[in-house]
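Here this note's numbering is used: the first residue of the sequence shown is 180, the next is one more, and so on. Even glycine gets a Cβ: it sits at the ideal position worked out from N, Cα and C. Note that the coordinates shown come from a computational prediction; the quantities given were computed from them, not determined experimentally.
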Amino acid sequence: MNTYFFRIHLSYDQCQYLYTGSTSHAVVTAESGQRIRIPASNLRPFIGQYGIRGRFRLITNQNNKILSFEPVS
């Protein structure tokens, strides 16, 4: 398993691209420096009135299938 930590700060307006289908993923940089593509469907549940803000943990298996994606403090 691989574990990645990263921060996301997207305004509500920027998050509209995740809903309209004009983008199918977001690219984030993990705290380790690795760039990771995250499907928009995994981000949508975390969009609030101000967008997405916070630190997240992503856990994948050896084939990079997402096992867990959650906010952390």
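If distances are taken between C-alpha atoms only, which option among the options comes closest to residue i?
i	options	result
L222	N240, T239, L189	L189
T208	I231, R186, V251, Q195	R186
Given that a residue counts as buried once 16 or more other Cβ atoms are within 10 Å of its Cβ, and exposed if not, what is residue i?
i	result
I270	Residue coverage of the chain in this structure runs from 180 to 252, which leaves residue 270 outside it and unanswerable.
I238	exposed
F184	exposed
Is residue i a contact residue of the ligand COA, with contact defined as CB to any heavy atom under 7 Å?
i	result
T182	In the structure on display, the ligand COA does not appear, and there are no ligands present to speak of.
Secondary structure at residue i, three-state DSSP: helix, strand or coil?
i	result
A219	helix
T199	helix
Y183	strand
Quick check: the Cα distance between residue i and residue j, rounded to an integer number of angstroms?
i	j	result
C194	G230	6 Å
R160	Y191	Here the chain has residues from 180 to 252 only, and residue 160 is not among them.
R243	R234	The amino acid occupying residue 243 in the given sequence is Asn; Arg does not appear at that position. Going by the C-alpha atoms only, they are around 20 Å apart.
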